[in-house]
């Protein structure tokens with residue numbers, strides 16, 4: 007897979023930290039599975055993981071949480 011940022015073909019399985027600031031709610035999720043570029047460090051998250059993160063941010067925002075820091079856990083289907 008080619009890196010969308012630098013164009014190099016050096017993406018490898020790894021983890022990243024996801025940070026979102028949505029409507030006054032800050033969410034930090036550590037150890038998010040991603041393909042990480044060995045050249046520039048850009049992380050590419052797959053659609054299922056991105057949906058999990060979006061759901062987490064929306065849930066935190068709806069509940070009025072000001073900040074949330076956690077490790078990634080996949081949502082059970």
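Residue numbers (my numbering): 7 to 83.
Glycine included, C-beta positions come from ideal geometry on N, C-alpha and C.
Check	Outcome
Residues of its chain near residue 19, where Cβ-Cβ distance is below 7 Å and the 5 sequence neighbours each way are ignored	41
Limits of the beta strand (DSSP E) - the one that residue 34 falls within	31 to 43
Given residue 73 as reference, the closest of 35, 15, 7 once Cα atoms are compared	35
Presumed contact (8 Å Cβ cut-off) between residue 38 and residue 51, rounded CB distance	6 Å
Cutoff 6 Å; reference residue 44; Cβ partners in own chain excluding five residues on either side	16, 18
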